Structure formats: C-alpha cells, structure tokens
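Shown next, in structure tokens, is the structure this report addresses.
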Amino acid sequence: MTIAERVRGVVEAHRGERGALLPILHHLQQEFGWIDPQVVPVLAQELNLSRADVHGVISFYTDFRSEPAGTSTVKICRAEACQSVGAERLVADAEQVFGVKVGQTTPDHSVTLDQVFCLGNCALGPSAQINGRLHGRVDRSRLVEILAEGNA
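According to the working numbering, the sequence shown is numbered sequentially starting from 118.
Here you go:
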C-alpha cells in the first residue's frame, strides 16, 4: 500500500468530522512517526484545502514532525516552574550527553531531543517526557538511567 493510499484511508476514517485536519495529522504522526511531506498534497486534495493551509498547520504545531524522530524521544519541559528547579541545566546536560541541540536527532537516530513548554507536572520539576511517558525530578543521571533501562 502506498503512502497516498494509507493517507486516503486515514482521511476516510475521519471524513465528516468537523476540523478533521488535526485528528488526521495526529493519526498520521502516530502511524508513521512523522508527517512525510508527500502527504501534504494528498491531504490538500482530499480535504479541499490548499497545500499552504496543510503545511501551515503542520509547521505551527510543534508536536508534528517533518522528519523522522529517533528511536527514543526526549522532551524536556522549559516552562517557568521547571526552569526554577533546573530545567536549563537539564537541557545543557542532555545536549552534552546526546551530542545534539534541542530540536535535533542523533546521527544514529537513537534519540531526538525536544523541548516543550509545560507538561503539567510542575510540582515534580524538572520534568521530561521520554517516549511518551512522563517523568519528574529528572536530572542528568536519571535521564541516562531511564533511557538505558528502557523504562521510558
């Protein structure tokens, strides 16, 4: 099955929903791990939108990826509550440990490092979401430990 056929199947599953583009994009992101640029013209045609409209939504929301993520995804909270208890240090440590800057993926595609601006875990900051699982009171050693143990 081609990408276009898979996209059309997802669109069909959401046909008739008001504001279907966002749920469709979430579905595609979950299925593929990213939003392949090849889906933009298919979505535009199927939803009667311009390519610019579809691309605008993808680029506006930081959760939508326009390139494949690493095997593990680390999102560090940089909201004020987490900043006040060491989030900036955690970001610097993570960049050093993984050898990439925020928004990048390691060359071996093992880790993608991202930032978010509130995970809703303010009382347990600094917080990180690792492979979709929320962790509180994260520091350099705990971050490495979580990834090494596969307990993300």
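C-beta atoms are modelled at their ideal positions from N, C-alpha and C, and glycine is treated no differently.
Here the structure is a predicted model, which is why all the values come from computation and not from measurement.
From the options, pick the residue whose C-alpha is nearest to that of residue i; which is it?
i, options, result
"Asp210", "Gly126, Thr190, Asp256 and Leu160", "Asp256"
"Arg182", "Ser244, Gly242, His144 and Leu236", "His144"
"Gly173", "Pro154, Ser201 and Pro185", "Pro154"
"Phe234", "Ser244, Asp225, Val228 and His226", "Ser244"
"Leu241", "Ala196, Ala265 and Leu166", "Ala196"
"Val214", "Cys239, Gly150 and Glu262", "Glu262"
"Cys239", "Asn165, Ile120 and Arg254", "Arg254"
Does the distance from the C-beta atom of residue i to that of residue j stay below 9 angstroms?
i, j, result
"Ile175", "Val157", "yes"
"Thr190", "Ile152", "no"
"Tyr178", "Leu230", "no"
"Ala186", "Cys194", "no"
"Glu163", "Val202", "no"
"Val217", "Val228", "yes"
Can you name the start and end residues of the alpha helix (DSSP H) that residue i belongs to?
i, result
"Leu160", "Val156 to Leu164"
"Ala137", "Careful: Ala137 lies outside any alpha helix (DSSP H) and carries neither H nor E."
"Arg250", "Element bounds for Arg250: not the alpha helix (DSSP H) but the beta strand (DSSP E), Arg250 to His252."
"Ala245", "Taken as a continuous stretch (DSSP letters only), Ala245 belongs to no alpha helix (DSSP H), being part of the beta strand (DSSP E) at Ala245 to Ile247."
"Ile263", "Arg257 to Glu266"
Give the straight-line distance between the Cα atoms of residue i and residue j, rounded to the nearest whole angstrom.
i, j, result
"Thr223", "Thr188", "10 angstroms"
"Ala161", "Met118", "20 angstroms"
"Lys192", "Val208", "10 angstroms"
"Thr252", "Val127", "Thr is not the amino acid found at residue 252; the sequence shown has His there. So the two alpha carbons sit approximately 32 angstroms from each other."
"Gln200", "Gln232", "12 angstroms"
"Ala265", "Asp180", "24 angstroms"
"Gln146", "Gly237", "22 angstroms"
"Arg168", "Leu142", "14 angstroms"
"Ala137", "His131", "6 angstroms"
"Leu260", "Gly150", "22 angstroms"
Under DSSP, the beta strand (DSSP E) around residue i begins and ends at which residues?
i, result
"Ile193", "Ser189 to Cys194"
Give, in chain order, every unbroken run of the beta strand (DSSP E) that is at least 3 residues long and sits entirely within the region 208-245.
Fully enclosed beta strand (DSSP E) runs of 3 or longer: 228-233.
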